[in-house]
Structures are given as structure tokens and as C-alpha cells.
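Have a look at the structure below before the remarks.
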Amino acid sequence: MTDAPAAPRIVLELVRPRLSLHPGVRPTVVVDGRGQPAQWGVGTWRSPIDGAVRIYLFNRAWRYGVAETVLPSEATRVVYTAPRLPFGRGRITTETRPVR
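Structure follows, in C-alpha cells:
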């Protein structure tokens with residue numbers, strides 16, 4: 005039995021602002037073209053093949069808070085911050101492995 009190499013994983017932190025006007029709304033993460041519902045907080049996800057990650061909020065009427073990025077190959081952590089109001093764009097920042 006051979007062990008297949010594990011797919012690289014990234015830490016994804018989804019941050020909701022303390023004062024926001026969108027209660028009960030959860031983020032959706034799109035990786036490799038597939039939308040996956042997510043929870044607020046920290047989780048790990050398989051790193052996408054093409055490096056593209058898109059995150060948005062959906063409140064049954066419209067989509068907002070869209071943020072997307074192409075991850076560098078050495079990315080290890082992605083932080084998404086939702087907008088305070090139910091319109092506008094979200095913000096994504098990435099962190100990379102330290103060079104050793």
C-alpha cells in the first residue's frame with residue numbers, strides 16, 4: 005500500500021466585524037470553482053490547484069462582500085474580513101511561510 009502525498013493545506017480565517025449590519029449571514033468560499041458554505045472563524049482548506057480563492061456573503065437577496073485573490077504557491081494563511089455594511093467588498097490578506 006502506497007501513501008499518496010497529502011494535498012497542501014492553507015489556514016483560512018473568516019472575520020466578521022464586531023459592529024456589522026448582517027446578522028445570521030455566513031460566508032461562502034469558492035475553491036476550484038466549487039462554492040462551499042463556511043463558518044466564521046478559523047479552519048483549514050485544501051490549497052486550490054490554480055491558487056484562486058473567492059469568498060462572498062449571500063443573504064438570500066443578493067451577493068456582497070466579494071473578495072478574490074490568487075494565492076502565491078508558498079501561502080499558508082488567508083484572512084478574509086467582511087464589510088461592515090451589507091454592500092461593498094470584503095478584504096483578503098495572505099501570509100506566506102518564512103524563508104529558512
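Residue numbers for the sequence shown follow the working numbering, so the first one is 5 and each next one is one higher. Where is the CB? At the ideal position from N, CA and C, for every residue including glycine.
Where residue i falls, given that 16 or more other Cβ within 10 Å makes a residue buried
i   : result
V35 : buried
V46 : exposed
L89 : exposed
P21 : exposed
Test item: CB-CB of residue i and residue j under 8 Å
i   : j    : result
P31 : L18  : yes
T73 : T100 : no
G92 : Y60  : no
A56 : I96  : no
V29 : N63  : yes
Cβ distance (whole Å) where residue i is taken to contact residue j below 8 Å
i   : j   : result
R50 : R13 : 6 Å
V82 : L16 : 5 Å
Close beta carbons around residue i, own chain, < 7 Å, minus the five adjacent residues each side
i   : result
W66 : none
A42 : L18, R30, P31, T32 and V33
Residues near residue i in its chain [Cβ-Cβ closer than 8 Å; skip 5 each side]
i   : result
G94 : I59, Y60, L61, G69, V70, A71, Y84, T85, A86 and P87
W44 : L18, V19, R20, R30 and P31
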